[in-house]
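Asks: Structure below; questions to follow.
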Amino acid sequence: MGAAGVASFAGEIPVHYDRGLGPVLFHDFGDQMAVRAAAQAPSDVLELAGGTGIVSRRLRDRLPAAARLTVTDLAAPMLDVARSKFAAEEAVTFQTADACALPFADGAFDLAVCQFGVMFFPDKAKGFAEAFRVLRPGGRYLFSAWDAQPHNPMSIVTQRAVDRLLPDDPPRFYDVPFSYQEDLLDPTGRTVTISFRKLFLPQRFRARSNASSTTR
Ligand SMILES: C[S@@+](CC[C@H](N)C(=O)[O-])C[C@H]1O[C@@H](n2cnc3c(N)ncnc32)[C@H](O)[C@@H]1O
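See the structure below:
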């Protein structure tokens, strides 16, 4: 999902992503991410590839009230949905931004957060280098990536379903999200401490009508 792929995050897709995929794939992990972010008691938080604001909403609910939150994504239509989840007085800033070329000063933040976004960045090393550039010394970058497809049965089941429905030209949309489990070690050349935590969060598939009515 480089620049061309992001173009597909337009029209009605952000709303369907938020209502349909959100509860199945992103809410529970977003809760986990927000808990970890709040534990850092940060004052300036940058969210990368924030999408429709699923993690952003959870961050705002858990971060200290005085903490500033800046939510970014490459796709403006995704951020439009994110913006709709906040009241003006919640002091959340939204900005379209490529995670590989961030429009922020060095050391502007003390915490960066990115849920299931890094695997989409076309230049992974640049994405990490940019995140670390905008962090203050001692700052932290919390990010998540899916494990490989064999560890995510949902992706196999749905890929098989679309393969059957579209045998001549099956969409390969899961090739990217489940492709990134390597090369995570210190791509910045800086001295950083990297720790990993593997999370198994079983997801329950609900009827489409139920999933679609969940808006948060
Ligand atoms: C799977 S979604 C994750 C969204 C959100 N973090 C969540 O948990 O719901 C991946 C997001 O990465 C964004 N993205 C892809 N390439 C990007 C880039 N180079 N810079 C910033 N965002 C990017 C997409 O627009 C999309 O919103």
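First residue of the sequence shown: 47, per our numbering; consecutive thereafter.
Where a beta carbon is used, it is the ideal one built from N, C-alpha and C, also for glycine.
With a threshold of 8 angstroms on Cβ separation, who are the neighbours of Asp152 within its own chain once the five nearest residues in sequence on each side are excluded?
Replies: Your numbering for residue 152 matches position 106 in the sequence shown. Same-chain partners within the cutoff: Arg179, Val180.
Asks: Can you round the beta-carbon distance between Leu115 and Arg129 to whole angstroms, since I take them to be within the 8 angstroms contact cut?
Replies: Along the sequence shown, read from residue 1 onward, the residue named residue 115 stands at position 69. Along the sequence shown, read from residue 1 onward, the residue named residue 129 stands at position 83. That belief does not hold up - the Cβ atoms of Leu115 and Arg129 are roughly 12 angstroms apart, past 8 angstroms.
Asks: To which residues does DSSP link Phe155 through a beta bridge?
Replies: Residue numbering aside, residue 155 sits at position 109 when the sequence shown is read from its first letter. In DSSP, Phe155 forms a bridge with Leu181.
Asks: For Ile59, is the beta carbon positioned less than 7 angstroms from some heavy atom of ligand 1?
Replies: For the purposes of this step, residue 59 is taken as the residue at position 13 of the sequence shown. False, no ligand heavy atom lies under 7 angstroms from that Cβ.
Asks: By a C-beta neighbour count over all protein chains shown, 10 Å radius and 16 as the cutoff for buried, is Val138 buried or exposed?
Replies: Taking the first residue of the sequence shown as 1, we reach residue 138 at position 92. Classification of Val138: buried, given that the 10 Å Cβ count is 16 or more.
Asks: List the endpoints of the continuous alpha helix (DSSP H) containing Val222.
Replies: Position 176 of the sequence shown, counted from the first residue, corresponds to residue 222. No alpha helix (DSSP H) contains Val222, which DSSP labels as neither H nor E.
Asks: With DSSP as the reference, label Phe162 as helix, strand or coil.
Replies: As a working mapping, residue 162 is identified with position 116 in the sequence shown. Of the three classes helix, strand and coil, the one that applies to Phe162 here is coil, per DSSP.
Asks: Would the beta-carbon of Phe75 fall within 8 angstroms of that of Ser190?
Replies: Along the sequence shown, read from residue 1 onward, the residue named residue 75 stands at position 29. Along the sequence shown, read from residue 1 onward, the residue named residue 190 stands at position 144. In contact: Phe75 and Ser190 (Cβ atoms closer than 8 angstroms).
Asks: Evaluate the contact criterion for the region 117-129 versus the region 141-149: three or more CB pairs, one atom per stretch, below 8 angstroms.
Replies: yes
Asks: For Glu280, does the three-state DSSP call read helix, strand or coil?
Replies: This structure cannot settle anything about residue 280, because the visible part of the chain is limited to 47 through 262.
Asks: Measure the C-alpha to C-alpha separation of Ala134 and Arg104 and round it to an integer number of angstroms.
Replies: Residue mapping note: residue 134 aligns to position 88 of the sequence shown, counting from 1. Residue mapping note: residue 104 aligns to position 58 of the sequence shown, counting from 1. Straight-line spacing of the CA atoms in Ala134 and Arg104 works out to 16 angstroms.
Asks: For Ser241, is the classification buried or exposed, using 16 other Cβ atoms within 10 angstroms of its Cβ as the cut-off for buried?
Replies: Here the question's residue 241 lines up with position 195 in the sequence shown. Exposed.
Asks: Among residues of its own chain, excluding the 5 on either side of Val61, which ones have a beta-carbon nearer than 7 angstroms to its beta-carbon?
Replies: Translated into positions along the sequence shown, residue 61 becomes position 15. Around Val61: Val127.
Asks: Which residues does DSSP list as the beta-bridge partners of Gln141?
Replies: In the sequence shown, counting from the first residue as 1, residue 141 sits at position 95. According to DSSP, which records beta bridges pairwise, Gln141 is partnered with Thr118.
Asks: Measuring only the C-alpha atoms, how far is Glu58 from Gly66?
Replies: For the purposes of this step, residue 58 is taken as residue 12 along the sequence shown, with counting starting at 1. For the purposes of this step, residue 66 is taken as residue 20 along the sequence shown, with counting starting at 1. One C-alpha to the other measures close to 12 angstroms.
Asks: Below 7 angstroms, is the gap between the Cβ of Thr204 and the nearest heavy atom of ligand 1?
Replies: Taking the sequence shown and counting its residues from 1, one reaches residue 204 at position 158. Outside the cutoff, so no.
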